[in-house]
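Undergrad: Line by line, the protein sequences give chains A and B. If you're matching positions, the first sequence starts at 7 in this note's numbering and goes up one per residue. If you're matching positions, the second sequence starts at 7 in this note's numbering and goes up one per residue. C-beta atoms are modelled at their ideal positions from N, C-alpha and C, and glycine is treated no differently. Here the structure is a predicted model, which is why all the values come from computation and not from measurement.
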Amino acid sequence: MKVLLSWLKEFAPIGGEPDAIGEQLSELGLAVEEITRTGENLEGVVVAKVLDLRPHPDADRIQIVEVDSGDGQPLQICCGAFNMSPGDFVPLATIGTTMPNGMEISRRKLRGEWSNGMLCSGAEIDLGEDHDGILILGNESEQGTPLADSLGIESDVLYDLEVNPNRPDAMSVAGVARDLAAYQKIPFSIPVPEVSEKGKDISEILKTEIVSPDLCGRFVARVIDGISIQDSPQWLKNRITALGMRPVNNVVDVSNYVMLELGQPSHTFDLVSVANSEFRVRWASDGEEIVTLDGVVRNLTTQDGVVTDGSNSPIGIAGVMGGVSTEISEGTSTVALEMAWWNPSAIAKTSRRLGLRSEASARFERGTDPEIIETAMLRFCELLGPEALMSPGIIDEKGDLPAREKIKVRVSRVNSILGTDLNQKDILQILDPIGFEAESVDHDIDVMVPSFRPDTSLEIDVIEEIARIYGYERIVKTVPKSKTFGSLTGKQNDRRLIRTTMMGLGLDEAMPVPFLAPGELENAGLESDGIKVANPLVAEESVMRSSLRPGLLKTLAYNESHRLTGLRLFELGHIYRQPDKPQPLPDEREQLVAVLAGNEAGEIVKIWSALADALAFDEYELISDSPPGFHATRTSRIEIQGRTIGFLGEIDPSVLSLFEVSERVACLEVDIDDLLSISHGHRSYVPFSRYPSSDIDLAFEVDEGISSNEVKKCLQEQAGVLLVDIYLFDIFRGEPVSEGRRSLAFKLRLQAEDRTLTDAEVAKVHGECIESVEKKFSAKLRS
Amino acid sequence: MNQDYDLHLEEAKGKIEESSDLEALKKLEIDLLGKQSLTAQAKGSLGGLEPEERRELGLVLNETRSKLEEMLATRRRKLESEVKGEQLENERLDLTEFDRGHRLGHRHVVTQTWERLEDLFIGMGYTVSEGPEIEDEWHNFGALNFPLGHPARDMYDTLYVEYGDPMSTLLRTHTSPVQIRVMEEEDPPIYSIMPGRVFRSDTADSTHMPVFHQIEALVVDKGITFGDLAGTIEAFTTAYFGKDFESRLRPSYFPFTEPSAEFDIRHPGGKWLELGGCGMVHPEVLKAGGLDPEEWQGFAFGFGLDRLALMRHEIDDLRELFRNDYRFLAQF
Chain A
7 MKVLLSWLKE FAPIGGEPDA IGEQLSELGL AVEEITRTGE NLEGVVVAKV
57 LDLRPHPDAD RIQIVEVDSG DGQPLQICCG AFNMSPGDFV PLATIGTTMP
107 NGMEISRRKL RGEWSNGMLC SGAEIDLGED HDGILILGNE SEQGTPLADS
157 LGIESDVLYD LEVNPNRPDA MSVAGVARDL AAYQKIPFSI PVPEVSEKGK
207 DISEILKTEI VSPDLCGRFV ARVIDGISIQ DSPQWLKNRI TALGMRPVNN
257 VVDVSNYVML ELGQPSHTFD LVSVANSEFR VRWASDGEEI VTLDGVVRNL
307 TTQDGVVTDG SNSPIGIAGV MGGVSTEISE GTSTVALEMA WWNPSAIAKT
357 SRRLGLRSEA SARFERGTDP EIIETAMLRF CELLGPEALM SPGIIDEKGD
407 LPAREKIKVR VSRVNSILGT DLNQKDILQI LDPIGFEAES VDHDIDVMVP
457 SFRPDTSLEI DVIEEIARIY GYERIVKTVP KSKTFGSLTG KQNDRRLIRT
507 TMMGLGLDEA MPVPFLAPGE LENAGLESDG IKVANPLVAE ESVMRSSLRP
557 GLLKTLAYNE SHRLTGLRLF ELGHIYRQPD KPQPLPDERE QLVAVLAGNE
607 AGEIVKIWSA LADALAFDEY ELISDSPPGF HATRTSRIEI QGRTIGFLGE
657 IDPSVLSLFE VSERVACLEV DIDDLLSISH GHRSYVPFSR YPSSDIDLAF
707 EVDEGISSNE VKKCLQEQAG VLLVDIYLFD IFRGEPVSEG RRSLAFKLRL
757 QAEDRTLTDA EVAKVHGECI ESVEKKFSAK LRS
Chain B
7 MNQDYDLHLE EAKGKIEESS DLEALKKLEI DLLGKQSLTA QAKGSLGGLE
57 PEERRELGLV LNETRSKLEE MLATRRRKLE SEVKGEQLEN ERLDLTEFDR
107 GHRLGHRHVV TQTWERLEDL FIGMGYTVSE GPEIEDEWHN FGALNFPLGH
157 PARDMYDTLY VEYGDPMSTL LRTHTSPVQI RVMEEEDPPI YSIMPGRVFR
207 SDTADSTHMP VFHQIEALVV DKGITFGDLA GTIEAFTTAY FGKDFESRLR
257 PSYFPFTEPS AEFDIRHPGG KWLELGGCGM VHPEVLKAGG LDPEEWQGFA
307 FGFGLDRLAL MRHEIDDLRE LFRNDYRFLA QF
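#1: From Leu-681(A), Thr-332(A), Leu-34(A) and Trp-120(A), pick the residue whose C-alpha is nearest to that of Gly-496(A); which is it?
#2: Just to check my reading of the structure: Glu-23(A) and Ile-70(A) have Cβ atoms closer than 8 Å, yes? What is that Cβ distance to the nearest angstrom?
#3: Within 10 Å of its beta-carbon, does Glu-303(B) have 16 or more other beta-carbons around it, so buried, or fewer, so exposed?
#4: If you compare alpha carbons, which of Gly-50(B), His-319(B), Gly-148(B) and Met-189(B) is closest to Ala-306(B)?
#5: Could you check what DSSP says for Phe-370(A) in three-state terms: helix, strand or coil?
#6: Say whether the region 483-497 of chain A touches the region 313-322 of chain B, bearing in mind that this needs 3 or more beta-carbon pairs closer than 8 Å, one atom from each stretch.
#7: Taking C-beta pairs closer than 9 Å, name the residues in chain A that Gln-47(B) reaches, listed in chain order.
#8: Classify Asp-64(A) as helix, strand or coil using the three-state DSSP reduction.
#9: Taking Cβ-Cβ distances shorter than 9 Å, what residues in chain A pair up with Gln-93(B)?
#10: Lys-243(A): buried (16+ other C-beta within 10 angstroms of its C-beta) or exposed?
#11: If I'm right that Ala-223(B) touches Ile-199(B) with Cβ under 8 Å, what's the distance once you round it to whole angstroms?
#12: Shorter than 7 Å from the beta carbon of Tyr-332(B) to some beta carbon of chain A?
#13: Identify which residue in Leu-57(A), Leu-186(A), Pro-63(A) and Ala-99(A) has its Cα closest to the Cα of Pro-92(A).
#14: Name, going along the chain, the residues of the region 561-577 of chain A whose beta-carbon falls closer than 8 Å to a beta-carbon of chain B.
#15: In angstroms, rounded to a whole number, what distance separates the CA positions of Ser-630(A) and Arg-583(A)?
#16: So what's Trp-13(A) in DSSP terms, helix, strand or just coil?
#17: Using a beta-carbon distance below 7 Å, is His-637(A) in contact with chain B?
#18: What do you get for Ala-79(B), buried or exposed, if any count of 16 or more other CB atoms within 10 angstroms of its CB means buried?
#19: Does DSSP classify Tyr-132(B) as helix, strand or coil?
#20: For a contact defined as C-beta to C-beta under 7 Å, what are the partners of Glu-139(B) on chain A?
#21: Three Cβ pairs or more, each shorter than 8 Å: is that satisfied between the region 7-25 of chain A and the region 157-175 of chain A?
#22: Work out the CA separation of Arg-505(A) and Ser-463(A) for me, nearest whole Å.
#23: Counting pairs of beta carbons, one from the region 288-298 of chain A and one from the region 388-403 of chain A, are three or more of them closer than 8 Å?
#24: One question on the structure: do Ile-271(B) and Phe-242(B) come within less than 7 Å of each other, judged by their Cβ atoms?
#25: Under 7 Å Cβ-Cβ, which residues of chain B neighbour Tyr-189(A)?
#26: Closer than 9 Å, Cβ to Cβ, to anything on chain B: give me those residues from the region 675-687 of chain A, in chain order.
#27: Can you round the beta-carbon distance between Val-671(A) and Val-601(A) to whole angstroms, since I take them to be within the 8 Å contact cut?
#28: Less than 7 Å between the beta carbons of His-114(B) and Met-517(A), yes or no?
#29: Is Thr-238(B) helix, strand or coil when you go by DSSP?
#30: Which chain A residues sit within Cβ distance under 7 Å of Phe-232(B)?
#31: What in chain B is Cβ-close to Thr-356(A), meaning under 7 Å?
#32: Is there contact between the region 706-718 of chain A and the region 678-695 of chain A, where contact requires at least three CB pairs shorter than 8 Å?
#33: What separation, rounded to the nearest whole angstrom, lies between the Cα atoms of Gly-293(A) and Val-453(A)?
#34: Strictly below 9 Å CB to CB, what residues from chain B border Thr-641(A)?
#35: Once you ignore the five residues that flank Leu-67(B) on each side, which residues in its own chain have a CB closer than 7 Å to its CB?
#36: Does the region 532-548 of chain A come close enough to the region 159-174 of chain B that 3 or more CB-CB pairs lie under 8 Å?
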């Protein structure tokens with residue numbers, strides 16, 4: 007909603023600097039998005055009369071215009087627009103003028119012809135949005151007059167306000183003025199319009215019936231005679247233009263003016279074309295048609311409201327747009343003026359369904375003030391000028407109008423919510439200027455909500471109004487002392503540990519969007535059962551990920567296309583899956599995926615073992631597996647206590663080629679919910695022996711098919727309680743080890759809790775280990 | 007007689023200084039102080055002398071031997087330090103050659119901001135709560151006092167998913183549904199924050215993304231006031247942005263809070279910057295969370311997390327956070 011300061015001042019003697027008023031509006035909850043000073047940019051721009059037009063000898067897109075700028079002498083101007091004719095009055099920016107965009111006008115040559123100034127479009131001098139042609143002024147203009155004087159433009163301040171849905175009253179200049187007046191503690195009033203009445207009483211001219219009271223709460227009509235359709239006076243055009251509406255003719259402009267000023271939209275009908283001089287208001291029937299003012303045939307439904315004539319044919323869509331059959335035209339002299347209160351949700355539905363959202367429908371949707379209608383009618387007639395005459399009498403039909411609410415407000419509740427110390431009198435003084443009729447009843451207050459605040463129906467709504475007018479800034483700031491212990495949960499702490507560990511391992515955290523394009527899950531080798539977005543803006547964002555893998559593969563591809571390779575990335579985020587059993591929401595889980603581009607599977611095992619160590623999972627197993635999307639022979643599942651919590655290995659080469667990743671990619675995928683649900687993180691102290699230890703190194707030649715882990719387990723079993731540490735320290739392939747086999751070298755440390763081991767004891771374990779591995783795996787000890 | 011030993015010392019000094027390595031010095035030590043040495047031999051013959059002579063010669067011998075020992079020790083230290091110096095020189099390394107290897111990974115800037123905010127609120131005695139990103143219509147709208155057909159739903163460009171009944175399941179448009187989940191699951195007093203990922207049907211540009219992050223705070227306790235809200239926001243903004251910063255509340259509208267406000271911050275003398283929305287928890291929302299609004303009062307506030315990350319690092323395009331260009335990720 008835009009408002010002009012001069013317009014606001016017609017309702018209250020508002021004082022203060024423009025910027026300070028802007029701050030006050032913000033403090034009232036009418037956030038100022040922009041403050042524009044208008045009418046200050048026209049210095050140096052005068053009215054000029056076009057004398058002659060001729061082509062430029064050297065340029066097609068420029069013509070030479072001779073104008074009289076007030077001294078009676080022809081002045082040559084080069085101009086790029088062609089919309090004027092001799093005799094037109096146009097704005098001329100004279101030499102030395104600084105344009106609103108900062109350009110300075112000087113005398114200059116354009117392709118050899120002098121230009122002594124510039125003719126201006128509306129947009130160039132901030133008078134409208136038209137860039138295309140030169141602004142043609144009215145014939146009453148006089149050459150040489152400063153343009154501002156000629157147009158009656160005074161310097162003014164335009165505020166662009168953001169009006170919240172709970173403030174229908176602030177969708178009008180008067181409503182904004184009411185708030186400001188309350189803030190400044192100055193009187194506010196809406197002047198009573200002066201109108202002459204003449205002719206037959208309306209009851210002899212028009213009949214009206216509300217057929218559907220749930221559609222229309224109030225339907226008021228009056229007849230105005232003596233109208234001649236013409237341009238509006240310039241001052242009126244200037245105001246509605248400033249507030250963003252385009253001048254059309256006096257009747258349309260006045261309708262808009264009244265709507266902007268008082269918040270009440272109206273509709274005018276050419277009375278002679280209303281069949282039987284009768285209005286009926288009802289829901290449309292399915293399939294009913296009307297040609298609206300824009301010439302479009304509209305198909306209606308039972309959810310749309312219509313105004314019909316006496317023959318029951320629709321002549322307007324209620325609150326949204328009039329029909330072409332009763333449109334006022336050049337010849338119209340008598341109009342039926344209609345102002346109504348429409349059911350807000352009906353207007354919302356119809357305007358949305360038909361894609362016809364207007365300033366009027368926006369106001370009806372929020373709820374208009376049913377009690378402003380009489381004043382708005384008079385104001386309409388007054389603005390049309392003294393020739394416009396109103397028929398005596400008024401048609402005023404009532405439907406289902408929401409009753410004005412009386413709300414009980416407890417003083418104690420006000421102070422308890424706000425942290426204030428207000429008494430009854432303070433509250434009455436706060437509420438009165440914004441139209442809330444409040445009276446003390448015992449210790450509390452009864453509040454009658456004004457007709458222009460349909461949003462207010464609860465005690466808390468009134469408390470908000472009290473806070474707003476009292477001033478949020480005056481409420482003393484306090485900090486409550488928390489009664490809970492501030493901390494992270496175990497899972498939240500683990501998440502941080504996971505990120506810190508990944509960081510320590512040199513992995514960067516990526517955050518791809520959780521949307522995928524159709525087919526991307528399948529390309530990653532996954533099932534195509536991702537949950538679909540019902541109303542995606544683009545296909546690329548139409549499937550919710552069921553794994554973090556596709557997003558990270560896309561990230562690798564994107565980076566590779568920018569010659570960034572060898573990336574080590576991880577993501578910790580939500581994935582969404584169809585649940586196994588019906589449940590209210592999808593199966594939403596947390597997943598960790600790490601990818602190492604340019605690395606083989608071995609490298610990712612290190613990442614996992616470091617992570618398991620960080621989270622204190624001391625026991626896990628890697629079991630060869632081939633889950634979808636992974637490399638079939640270079641992947642294992644991770645089991646902890648017999649539960650699969652994830653996979654590690656390499657991404658399937660065919661998946662990589664579908665994602666256009668040319669490097670090998672090692673990958674770890676862990677279901678974080680499953681992993682963290684297994685007991686972990688606690689380590690009890692294990693005492694260690696104080697006696698000397700002995701080491702044994704054993705290297706075996708073993709078939710490729712036998713995992714190092716199996717050999718290790720065999721050694722562990724055999725060495726038994728004396729074994730305190732074992733690790734694989736070397737792997738060797740090639741001569742002299744035979745083809746299809748490799749050498750695995752383990753270091754075992756033996757130690758007893760209660761004594762120094764003898765050479766014989768060590769030798770015994772040594773011999774048994776060799777025997778057992780050789781036998782079990784057809785292995786051969788290497789010497 | 008003394009002169010003999012002076013001469014001996016003189017000769018020995020020459021030999022000691024000429025000795026070129028520790029091995030030669032070792033041999034010399036045996037020659038000069040061993041059993042066959044001049045002084046050792048002389049000591050052995052002391053027994054045959056008169057007491058007076060014996061005492062005198064004994065003193066001379068002891069003095070000579072201690073001088074020899076000292077000369078040998080001095081030379082040994084010198085030779086040892088030469089050997090060590092040579093050894094160290096052979097081991098010389100250029101450490102700059104190694105300054106190219108291991109680098110730490112980086113947490114995403116959004117995570118960094120997220121954790122910084124968590125830490126700040128934990129310090130103020132808050133817990134951290136979470137909820138699903140795919141939500142039902144009730145938690146995202148209905149329970150938050152947006153009845154079906156409520157025009158305020160238009161303020162949110164909602165993405166729905168094909169799950170359950172049409173329009174029943176959606177990508178949460180704000181973190182506020184977690185308020186309801188916390189009230190459903192926990193008894194007051196509640197002092198909690200709810201960081202999380204949210205979604206809107208928005209085309210990506212430098213200030214919009216279809217997915218972004220918010221953080222929300224909820225306090226429900228006895229006698230919580232609007233003044234408590236204003237004070238808590240001030241405490242948080244000064245803690246996060248710095249002591250110089252000030253905050254203000256401006257009236258606004260959200261269906262789930264009343265009175266509602268926007269909160270702004272500014273550096274003294276600077277322009278007000280709108281940071282987020284807040285208000286007293288609406289009585290209908292408390293009821294939806296299973297609480298009696300006559301017994302419990304509360305406030306909530308929320309704001310965009312990504313923008314704080316952009317502000318801290320002077321990043322001018324929101325899309326960069328989600329593009330995952332390595333040159334971006336590795337910067338922070």
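TA: Result, derived from the coordinates:
#1: Sequence index remark: in the first sequence, residue 496(A) carries index 490 (1-based). Closest by alpha carbon: Leu-681(A).
#2: Taking the first sequence and counting its residues from 1, the one referred to as residue 23(A) is at position 17. Taking the first sequence and counting its residues from 1, the one referred to as residue 70(A) is at position 64. Going by Cβ atoms, the distance from Glu-23(A) to Ile-70(A) rounds to 46 Å, so no, they are not a contact pair.
#3: If you number the second sequence from 1, residue 303(B) lands on position 297. For the record, residue 303(B) in the displayed sequence is Gln; it is not Glu. Buried is the call here.
#4: Numbered from 1 along the second sequence, position 300 holds the residue referred to as residue 306(B). Distance check between Ala-306(B) and each of Gly-50(B), His-319(B), Gly-148(B) and Met-189(B) places Met-189(B) closest, using alpha-carbon atoms only.
#5: One-based indexing of the first sequence puts residue 370(A) at position 364. Three-state result, Phe-370(A): helix.
#6: Counting C-beta pairs closer than 8 Å gives fewer than three between the region 483-497 of chain A and the region 313-322 of chain B, which falls short of the contact rule.
#7: Here residue 47(B) is taken as the residue at index 41 of the second sequence, counted from 1. Correct list: empty, because the minimum Cβ distance to chain A is about 49 Å.
#8: What you label residue 64(A) is simply residue 58 of the first sequence in a count that begins at 1. Note: Asp-64(A) maps to coil in three-state DSSP.
#9: Against the second sequence, residue 93(B) aligns to sequence position 87. Here the premise fails: no neighbours, minimum Cβ distance about 30 Å.
#10: Looking up residue 243(A) in the first sequence gives position 237. Burial state of Lys-243(A) is buried, judged by a 10 Å Cβ sphere holding 16 or more other Cβ atoms.
#11: Locating residue 223(B) in the second sequence gives position 217, where the first residue counts as 1. Locating residue 199(B) in the second sequence gives position 193, where the first residue counts as 1. Yes, Ala-223(B) and Ile-199(B) are in contact; Cβ-Cβ is about 5 Å, under 8 Å.
#12: As a working mapping, residue 332(B) is identified with position 326 in the second sequence. Yes, its Cβ sits closer than 7 Å to a Cβ of chain A.
#13: If you number the first sequence from 1, residue 92(A) lands on position 86. Nearest C-alpha to Pro-92(A): Leu-57(A).
#14: Residues of the region 561-577 of chain A that bring their beta carbon within less than 8 Å of a beta carbon in chain B comprise Thr-561, Tyr-564, Asn-565, His-568, Leu-570, Leu-573, Arg-574, Leu-575 and Phe-576, in sequence order.
#15: What you label residue 630(A) is simply residue 624 of the first sequence in a count that begins at 1. What you label residue 583(A) is simply residue 577 of the first sequence in a count that begins at 1. Those two C-alpha atoms are separated by around 25 Å.
#16: If you number the first sequence from 1, residue 13(A) lands on position 7. Annotated three-state conformation of Trp-13(A) is helix, per DSSP.
#17: Numbered from 1 along the first sequence, position 631 holds the residue referred to as residue 637(A). With 7 Å as the cut-off, His-637(A) does not count as an interface residue toward chain B.
#18: Translated into the one-based positions of the second sequence, residue 79(B) becomes position 73. Exposed: under 16 other Cβ atoms inside 10 Å.
#19: Here residue 132(B) is taken as the residue at index 126 of the second sequence, counted from 1. Shown here, Tyr-132(B) sits in coil according to DSSP, grouped into three states, outside any helix or strand.
#20: To locate residue 139(B), count along the second sequence from 1; it is residue 133. Here the neighbours are His-580 and Glu-594.
#21: Contact between the region 7-25 of chain A and the region 157-175 of chain A is present, because at least three Cβ pairs lie under 8 Å.
#22: Stepping through the first sequence from its first residue, residue 463(A) is reached at position 457. Stepping through the first sequence from its first residue, residue 505(A) is reached at position 499. Ser-463(A) and Arg-505(A) have their C-alpha atoms roughly 50 Å apart.
#23: These segments do not touch.
#24: In the second sequence, the residue the question calls residue 271(B) occupies position 265. In the second sequence, the residue the question calls residue 242(B) occupies position 236. In this structure, Ile-271(B) lies away from Phe-242(B), with their beta-carbon atoms at least 7 Å apart.
#25: Against the first sequence, residue 189(A) aligns to sequence position 183. Chain B residues near Tyr-189(A): none, gap ~11 Å exceeds 7 Å.
#26: Cβ contacts with chain B: none found.
#27: Your numbering for residue 671(A) matches position 665 in the first sequence. Your numbering for residue 601(A) matches position 595 in the first sequence. The Cβ separation is near 5 Å, so the contact holds.
#28: The residue labelled residue 114(B) in the question sits at position 108 within the second sequence. The residue labelled residue 517(A) in the question sits at position 511 within the first sequence. It is a contact, given that the beta carbons lie within the stated cut-off.
#29: The sequence position of residue 238(B) within the second sequence is 232, counting from 1. DSSP places Thr-238(B) within a helical segment (H, G or I) once states are collapsed to three.
#30: Taking the first residue of the second sequence as 1, we reach residue 232(B) at position 226. Ile-423, Leu-424, Gly-425, Ala-473 and Ile-481, listed in chain order.
#31: Walking along the first sequence from the start, residue 356(A) turns up at place 350. When 7 Å is used as the limit between beta carbons, Thr-356(A) is near no residue of chain B, the shortest such separation being about 13 Å.
#32: At 8 Å Cβ cutoff, the stretches do not touch.
#33: As a first step, residue 293(A) must be located in the first sequence, where it is residue number 287. As a first step, residue 453(A) must be located in the first sequence, where it is residue number 447. Taking the straight line from one Cα to the other gives about 46 Å.
#34: Counting from one through the first sequence, the residue named residue 641(A) turns up at place 635. Under the 9 Å cutoff, chain B gives no residues; its nearest Cβ is about 23 Å from Thr-641(A).
#35: Here residue 67(B) is taken as the residue at index 61 of the second sequence, counted from 1. For Leu-67(B), where only same-chain residues beyond five positions count, the Cβ hits under 7 Å are Thr-45, Ala-48 and Lys-49.
#36: At 8 Å Cβ cutoff, the stretches touch.
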